[in-house]
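The structure appears right after this line, and notes come after that.
In the numbering used here, the protein residues as written are 288 to 450.
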């Protein structure tokens, strides 16, 4: 049986490259629909919310995707657990906080990763920059390959101890 996989992109598409996570979800969802991949689920929003803990509790593998302002290469893929940047404010929740809530409330810990996609411009303007679009294409190909090795990703995640 195919593993249930959630790809969740977040960011503000009205702030240029901040919409990279949302654009990734749109691209991958279109591909999954064309290929009839019904074990893949998709969501996107401006930010993560505490209610997302319920959504991830039903999944085997979760991949959050967000634009990054950090000095990374084009993309970076890291595991997330409840100790990874646990933060919650009235306006945003971190992936680590969502994982922590999922574990505490639902007693489930799916394999969760964060895909950081390098962005370059953050002005109040819709549309990705050309450099960010290239990173989006790279991210899409990368995630498509990771989906094919979901069992390995899940197993690896549960063997990792993040400190």
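We put the CB at the ideal spot given by N, CA and C, even for glycine.
Just so we're clear, the structure is a prediction, and the values are computed from it rather than from any experiment.
> Of the choices 290, 314, 303, whose alpha-carbon is the least far from that of residue 428?
Replying inline: For residue 428, the nearest C-alpha among the options comes from 314.
> Assuming residue 353 and residue 308 make a contact with CB atoms under 8 Å, what is their CB distance in whole Å?
Replying inline: Separation of the CB atoms of residue 353 and residue 308 is rounded to 5 Å, and the pair is thereby assigned contact status at 8 Å.
> Are there three or more Cβ pairs, one per stretch, closer than 8 Å when the segment 344–351 is compared with the segment 394–408?
Replying inline: Counting Cβ pairs under 8 Å, three or more are found: they touch.
> Considering only the beta carbon of each residue, do residue 433 and residue 440 sit closer than 8 Å?
Replying inline: Cβ distance < 8 Å, so residue 433 and residue 440 count as in contact.
> Nearest-angstrom Cα distance between residue 357 and residue 403?
Replying inline: Going by C-alpha positions, residue 357 is about 9 Å away from residue 403.
> residue 255 to residue 290, Cα distance in whole Å?
Replying inline: There is simply no residue 255 to check, as the chain begins at 288 and stops at 450 in what is shown.
>> If you reduce the DSSP assignment to three classes, tell me which class residue 360 lands in.
In response: For residue 360, the three-state secondary structure derived from DSSP is coil.
> CB-CB under 8 Å to residue 297, same chain, minus the five flanking residues each way: which ones, in chain order?
Replying inline: Answer for residue 297: 308, 309, 331, 332, 333, 334, 335, 351, 352, 353, listed in chain order.
>> Quick check: the Cα distance between residue 435 and residue 326, rounded to an integer number of angstroms?
In response: Pairing residue 435 with residue 326, the inter-Cα distance amounts to about 12 Å.
>> Taking 6 Å as the limit between beta carbons, can you name the residues of its chain near residue 450, skipping five residues before and five after?
In response: For residue 450, the predicted model reports a pLDDT of 42, less than 50, meaning its position is unreliable and no value from the coordinates is stated.
> Any idea if residue 321 is buried or exposed, counting beta-carbon neighbours within 10 angstroms, 16 or more meaning buried?
Replying inline: Burial call: exposed.
>> With distance defined between alpha-carbon atoms, name the residue in 383, 367, 360 nearest to residue 406.
In response: Across the set 383, 367, 360, the C-alpha of 360 shows the shortest separation from the C-alpha of residue 406.
> Out of curiosity, what's the CA-to-CA distance linking residue 369 and residue 294?
Replying inline: C-alpha separation (whole angstroms): 18 Å.
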